[in-house]
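To keep things clear, I will list the structure first and then write my remarks on it.
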Amino acid sequence: MRRLAFGFLTALLLASPLAAQQDPVQQTILDQIEAFKADDFATAFTFASPTIKSIFMSPENFGMMVRNGYPMVHRPGSVRMLEQRDVAGRLWQKVMITDQAGRSHILDYQMIETESGWQINAVQLLPEPGVGA
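If you want it as structure tokens, here you go:
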């Protein structure tokens, strides 16, 4: 009986969001998305790199850019982490976001490590597979 209970508890923990929280890069992205979902642009802004902060100057400006340019990030239906890779010495994390209408979007987050921890330095919306020249 104990083995069964232990096995069930182990499976439950492995299936929970705690498993994804072990990667600080992914957790930074997830934490920012949670802040967006709560319309907490001040907190979301804390996950942006110094470069991004200098471009937008305030959480309000940053929030307006996200609402208008990245609505799938502002109000995601679901979020799934894909591959993480190094490109020319920069760390990139691909993320699949399914919006509330059920459309999937692939975003590429450039991450930098700062004294404050991992921060988001850029986000690119990637073209859908099979689209383009």
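Residue numbers (mature numbering (1 follows the signal peptide of the UniProt record, and there is no 0)): -20 to -1, 1 to 113.
No residue lacks a Cβ here, since even glycine has one placed at the ideal position from N, Cα and C.
Keep in mind that this is a model prediction, so the values were computed, not measured.
Asked	Found
Reduced DSSP category for P56 - H, G, I as helix; E, B as strand; rest coil	strand
Cα-Cα separation, V103 to V46	11 Å
Minimum Cβ-Cβ distance from G97 to chain C less than 9 Å	Structure shown: chain C not included; a single protein chain is present.
R83 vs M52 beta-carbon contact at 9 Å	yes
Outcome for L(-7) when other beta-carbon atoms lying within 10 angstroms are tallied against a minimum of 16	In this prediction, L(-7) scores a pLDDT of 48, lower than 50, which makes its location untrustworthy; no coordinate-derived value is stated.
Rounded separation between R65 and P39 - CA only	29 Å
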